[in-house]
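Novice: Residue numbers (this note's numbering): 122 to 858. Even for Gly, the Cβ is constructed at its ideal location relative to N, Cα and C.
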């Protein structure tokens with residue numbers, strides 16, 4: 122079966138001239154010129170077509186040169202057999218050629234990828250692993266696209282395919298190109314981590330991303346960096362892999378809804394601008410590097426026309442450092458890199474965030490809190506006599522369902538001589554099990570990410586005579602990586618009642634749910650079903666139906682499912698993914714509450730909302746919310762570099778707090794303003810002992826009623842020095858409405 126998430130990556134540049142894309146040991150060569158490229162991953166299945174123009178525009182504004190996307194094999198061939206690998210690759214390439222999309226045809230595609238992190242599994246295939254790598258490379262190159270091919274995380278990529286790095290610290294972990302004639306490329310710079318139900322969310326700071334990008338450029342001669350993800354988006358439908366959240370890389374520079382996430386987006390934009398000031402010197406100049414201290418180094422690039430650019434690196438994560446470079450003293454914050462495009466002036470430091478911070482707010486617009494707004498439909502619990510598919514053993518789930526549904530019923534008819542409680546034990550290879558005897562729920566268990574197997578062992582009530590055992594095995598996505606995926610197994614492994622082994626018993630099977638077969642989630646299927654009034658029952662396995670009007674305006678929309686348990690949601694027949702509120706993170710909070718409803722899924726009025734709920738839950742707590750940035754905050758000090766644009770324009774060389782509200786919103790209120798020694802940062806602040814009394818007045822005059830404003834760090838702006846001899850900060854938070 123085809124379970125691969127990815128085949129390869131296609132990178133599109135904003136504009137290129139005709140001609141083959143080539144490379145040397147320094148960079149890709151486009152139109153005869155070496156290029157330093159910042160790219161960002163935006164996956165077309167994880168956003169809707171109406172979002173693409175905005176996402177690409179925001180990526181370009183953020184300083185990106187190219188967009189990267191994987192081609193999702195599982196979406197284009199959901200069932201195996203129509204293609205295998207060569208045929209599929211050839212199909213995709215020919216589709217691109219037919220539209221003249223390769224740079225060699227005058228199009229935007231500048232590089233393609235074959236395979237994805239195959240090196241992680243290569244050893245598992247013995248001698249066949251390296252042989253396959255050579256075959257895949259030759260097959261791809263033989264398609265004659267006129268652009269280079271890449272194999273990510275594949276140190277043995279054969280010529281002319283480029284081996285590239287994936288990870289978080291490729292300036293430290295990459296072994297480098299396997300030929301001096303190949304450039305150093307970072308095809309997945311992880312801006313976050315994909316999250317799984319039940320796991321703790323880990324946030325990667327903007328400072329860390331910027332540091333490792335700059336380190337890769339100078340230490341590895343890196344000239345291509347792709348952010349994975351730049352916009353993560355949404356795993357619509359059933360496309361999330363095992364235990365993966367419906368929300369994907371929400372902490373990327375563009376969040377799940379396509380909103381700019383600050384300061385990540387802005388800090389990286391500043392870095393891109395600073396690096397581009399040095400690009401010609403980086404790509405064509407001569408590099409030297411030397412020590413500035415025990416854990417400090419200078420990387421200096423000299424061009425043929427007297428150009429000079431320098432990167433001052435402090436690898437010490439514990440302490441700041443003062444260094445002497447070209448007869449000047451520079452203070453390097455801990456674990457940071459300063460970029461000096463002229464070898465004199467610091468245009469950017471990776472640890473100094475001058476970009477604004479922003480706060481995202483979910484606002485309930487439609488509250489579905491009335492019982493009259495809901496109808497329900499009970500999912501039928503099948504018995505052995507209801508099933509047509511039979512076996513004398515417990516079947517493996519994935520091969521039985523063929524990925525047509527998350528759900529597989531295992532049913533058996535069990536004879537009991539007397540009424541009593543008996544221990545039922547079921548071993549499952551994942552992911553969730555819900556158990557019923559005579560249609561009465563008696564227990565549930567589930568696995569966890571990385572350890573999906575589990576055992577359900579509990580007392581169950583059996584009556585005298587024939588008892589119907591109904592076991593609902595549920596998957597939360599297919600496996601997405603690893604060797605020999607065709608041998609993976611899921612579903613029930615063995616079952617017993619007391620000391621009686623039922624593993625090799627007569628079992629009946631039902632693939633999917635009755636509600637799925639009736640297509641209750643569609644307008645047509647819903648209208649044909651007999652729905653009941655909402656009755657507050659605690660029964661498991663229910664379908665819920667409601668209607669709502671679309672929120673006004675253009676803000677993104679989300680469904681708040683915080684009062685639900687586990688299941689799936691549809692809007693007007695479009696699946697917005699699985700939800701699993703009842704499986705919390707270790708701190709007790711849900712892994713995900715809000716679920717993205719793209720505006721393109723909505724009608725102005727009477728939108729159909731369908732929920733399938735596996736547990737006892739309360740739909741009266743569900744609401745339709747709008748998503749917007751409501752607060753912006755900036756924080757600079759006297760040691761912060763000024764905006765890079767001021768370096769380019771050779772004026773206004775002062776740090777500035779720059780605030781910008783989203784489109785259609787203006788700064789309506791100044792929540793905090795202090796020039797002096799404010800305590801804390803944009804996440805938590807208070808006025809310090811040193812505070813200019815004119816702070817609020819100055820900021821209000823500059824910002825109120827405007828969509829954007831700029832307030833310089835300046836004694837003159839605030840009527841003088843409020844406390845001589847004390848280092849000054851400027852911290853402002855404003856509200857956007």
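Measuring CA to CA, which of 559, 632 and 499 is closest to residue 523?
Specialist: For the purposes of this step, residue 523 is taken as residue 402 along the chain shown, with counting starting at 1. The shortest C-alpha separation from residue 523 is found at 632.
Novice: Please report the distance separating the alpha-carbon of residue 785 from that of residue 856.
Specialist: Looking up residue 785 in the chain shown gives position 664. Looking up residue 856 in the chain shown gives position 735. C-alpha separation (whole angstroms): 13 Å.
Novice: Assuming residue 334 is part of the alpha helix (DSSP H), what are its boundary residues?
Specialist: Against the chain shown, residue 334 aligns to sequence position 213. It spans 327 to 340 - the alpha helix (DSSP H) in which residue 334 sits, taken as one unbroken run.
Novice: Using only alpha-carbon positions, find the residue among 639, 318 and 533 that is nearest to residue 708.
Specialist: As a position in the chain shown, residue 708 is number 587, starting the count at 1. Here the closest residue by C-alpha is 318.
Novice: Go ahead and label residue 127 buried or exposed: buried means 16 or more other beta carbons lie within 10 angstroms of its beta carbon, across all protein chains shown.
Specialist: Start at 1 with the first residue of the chain shown, and residue 127 comes out as number 6. Annotation note: pLDDT 35 at residue 127 (below 50); position unreliable, coordinate value reported separately. So residue 127 ends up on the buried side.
Novice: Let's test the definition: count the other Cβ atoms within 10 Å of the Cβ of residue 355 and tell me whether it reaches 16, buried, or not, exposed.
Specialist: Mapped onto the chain shown, residue 355 falls at position 234. With 16 or more Cβ atoms within 10 Å of its Cβ, residue 355 is classed as buried.
Novice: So, helix, strand or coil for residue 495, using DSSP?
Specialist: For the purposes of this step, residue 495 is taken as the residue at position 374 of the chain shown. It is coil, neither helix nor strand.
Novice: CA-CA distance, residue 211 and residue 266?
Specialist: Working through the chain shown from its first residue, we reach residue 211 at position 90. Working through the chain shown from its first residue, we reach residue 266 at position 145. Rounded to the nearest angstrom, the two C-alpha atoms are 11 Å apart.
Novice: When you compare only the Cα positions, how much space is there between residue 293 and residue 334?
Specialist: On the chain shown, residue 293 is found 172 positions in, with the first residue counted as 1. On the chain shown, residue 334 is found 213 positions in, with the first residue counted as 1. Near 11 Å, if we compare the C-alpha coordinates of residue 334 and residue 293.
Novice: Give the single residue among 447, 465, 448 and 473 whose Cα lies nearest to the Cα of residue 458.
Specialist: Working through the chain shown from its first residue, we reach residue 458 at position 337. Among 447, 465, 448 and 473, the Cα nearest to that of residue 458 is on 473.
Novice: Return helix, strand or coil for residue 858, following the three-state DSSP convention.
Specialist: Indexing the chain shown from 1 puts residue 858 at position 737. Three-state result, residue 858: coil.
Novice: Of all the beta strand (DSSP E) runs that stay within the bounds of the stretch 570 to 614, which reach a length of 3 or more residues?
Specialist: Counting whole runs of 3 or more residues, the stretch 570 to 614 contains the beta strand (DSSP E) stretches 575 to 583 and 586 to 595.
Novice: Just verifying my parser: in three-state terms, what is the DSSP assignment at residue 126?
Specialist: Position 5 of the chain shown, counting from 1, holds the residue named residue 126. With a pLDDT of only 31 at residue 126, under the threshold of 50, the placement of this residue in the model should not be trusted; the figure read from the coordinates follows. Correct three-state label for residue 126: coil.
Novice: Given the structure, does residue 404 come close to the ligand ZN, in the sense that its CB is under 8 Å from one of the ligand's heavy atoms?
Specialist: Here there are no bound small molecules, and the ligand ZN is not part of this structure.
Novice: Go ahead and pull the three-state DSSP assignment for residue 134.
Specialist: For the purposes of this step, residue 134 is identified with residue 13 of the chain shown, where counting begins at 1. With a pLDDT of only 47 at residue 134, under 50, the local geometry of the prediction cannot be trusted, and no value is derived from it.
Novice: When we look at the beta-carbon of residue 511 and count the other beta-carbons within 10 Å, is it buried (16 or more) or exposed?
Specialist: Counting from 1 along the chain shown, the entry for residue 511 is found at position 390. Exposed, because fewer than 16 other Cβ atoms sit within 10 Å of the Cβ of residue 511.
Novice: With distances taken between CB atoms, is the gap from residue 305 to residue 268 smaller than 9 Å?
Specialist: Working through the chain shown from its first residue, we reach residue 305 at position 184. Working through the chain shown from its first residue, we reach residue 268 at position 147. Going by C-beta atoms, residue 305 is not nearer than 9 Å to residue 268.
Novice: When we look at the beta-carbon of residue 854 and count the other beta-carbons within 10 Å, is it buried (16 or more) or exposed?
Specialist: Walking along the chain shown from the start, residue 854 turns up at place 733. Residue 854 should be labelled buried.
Novice: Using C-beta distances below 8 Å, list every residue in its chain close to residue 538, excluding the 5 sequence neighbours before and after it, in chain order.
Specialist: Walking along the chain shown from the start, residue 538 turns up at place 417. Around residue 538: 585.
Novice: My output table needs one value for residue 245: the three-state DSSP class, helix, strand or coil.
Specialist: Against the chain shown, residue 245 aligns to sequence position 124. The answer is helix: DSSP assigns residue 245 an H, G or I state.
Novice: Using the C-alpha atoms, what's the distance from residue 222 back to residue 764?
Specialist: In the chain shown, counting from the first residue as 1, residue 764 sits at position 643. In the chain shown, counting from the first residue as 1, residue 222 sits at position 101. Cα to Cα, residue 764 sits roughly 37 Å from residue 222.
Novice: Given this structure, state the Cα-to-Cα distance separating residue 136 from residue 843, to the nearest angstrom.
Specialist: Reading the chain shown from its first residue, position 15 is the one you call residue 136. Reading the chain shown from its first residue, position 722 is the one you call residue 843. Interpretation of residue 136 is limited by its pLDDT of 48, a score under 50 that renders its predicted location unreliable; the figure taken from the coordinates is listed afterwards. Each residue's Cα considered, the two are about 51 Å apart.
Novice: What would DSSP say about residue 255, mapped onto helix, strand or coil?
Specialist: Position 134 of the chain shown, counted from the start, is the residue given in the question as residue 255. Looking at residue 255 - three-state DSSP - the assignment turns out to be helix.
Novice: Just how far apart, CA to CA, sit residue 241 and residue 527?
Specialist: Position 120 of the chain shown holds residue 241. Position 406 of the chain shown holds residue 527. Residue 241 and residue 527: Cα-Cα distance of roughly 28 Å.
Novice: Enumerate in chain order the residues of its own chain whose CB-to-CB distance from residue 385 is below 6 Å, with the five nearest sequence positions on each side excluded.
Specialist: The count along the chain shown starts at 1 and reaches residue 385 at position 264. Taken in chain order, the residues that qualify are 327 and 374.
Novice: Leaving out five residues on either side along the sequence, give the residues of the same chain with a beta carbon under 7 Å from the beta carbon of residue 754.
Specialist: Numbered from its first residue, the chain shown carries residue 754 at position 633. Within the same chain, residue 754 has close Cβ partners 477, 478, 803, 853 and 854.
Novice: Got a sec? Which residues, its chain only, sit under 8 Å from residue 262 by beta carbon, not counting five neighbours each side?
Specialist: Within the chain shown, residue 262 is the residue found at index 141, counting from 1. Counting only Cβ-Cβ distances below 8 Å, and skipping sequence neighbours, we find 270, 281 and 282.
Novice: By the 10 Å Cβ neighbour count, where 16 or more other Cβ atoms means buried, how is residue 123 classified, buried or exposed?
Specialist: Taking the first residue of the chain shown as position 1, residue 123 is located at position 2. Note that residue 123 scores 22 on pLDDT, short of 50, meaning its location in the model is unreliable; the coordinates nonetheless yield the value given after this. Counting Cβ neighbours within 10 Å, residue 123 comes out buried, since at least 16 surround it.
Novice: Can you check which of these residues, 568, 609 and 680, is closest to residue 484 by C-alpha distance?
Specialist: For this step, residue 484 is matched to residue 363 along the chain shown. Comparing Cα-Cα distances from residue 484 to each of 568, 609 and 680, the minimum goes to 680.
Novice: For the candidate residues 817, 525, 805 and 209, whose alpha-carbon lies nearest to that of residue 790?
Specialist: Position 669 of the chain shown, counted from the first residue, corresponds to residue 790. Of the candidates 817, 525, 805 and 209, the one whose C-alpha sits nearest the C-alpha of residue 790 is 817.
Novice: Compute the Euclidean distance between the alpha carbons of residue 830 and residue 824, then round it to the nearest angstrom.
Specialist: By 1-based counting over the chain shown, the position of residue 830 is 709. By 1-based counting over the chain shown, the position of residue 824 is 703. About 5 Å.
Novice: Since residue 455 and residue 440 are thought to touch, with beta carbons under 8 Å apart, how far apart are those beta carbons, to the nearest angstrom?
Specialist: In the chain shown, counting from the first residue as 1, residue 455 sits at position 334. In the chain shown, counting from the first residue as 1, residue 440 sits at position 319. Correct: roughly 6 Å between the Cβ atoms.
Novice: Spell out the partners DSSP gives residue 159 in its beta bridges.
Specialist: Position 38 of the chain shown, counted from the start, is the residue given in the question as residue 159. Its beta-bridge partners are 346.
Novice: According to DSSP, residue 766 sits in a beta bridge with which residue or residues?
Specialist: Position 645 of the chain shown, counted from the first residue, corresponds to residue 766. Answer is none; residue 766 lacks a bridge partner.
Novice: Hey, residue 460 and residue 446: beta-carbon distance below 9 Å or not?
Specialist: Locating residue 460 in the chain shown gives position 339, where the first residue counts as 1. Locating residue 446 in the chain shown gives position 325, where the first residue counts as 1. Cβ atoms of residue 460 and residue 446: not closer than 9 Å.
Novice: Tell me which residues share the same chain as residue 604 and place their Cβ nearer than 7 Å to its Cβ, disregarding the 5 neighbours each side in the sequence.
Specialist: As a first step, residue 604 is located in the chain shown; it is residue number 483 there, counting from the start. Closer than 7 Å at Cβ, skipping near neighbours: 242, 245 and 246.
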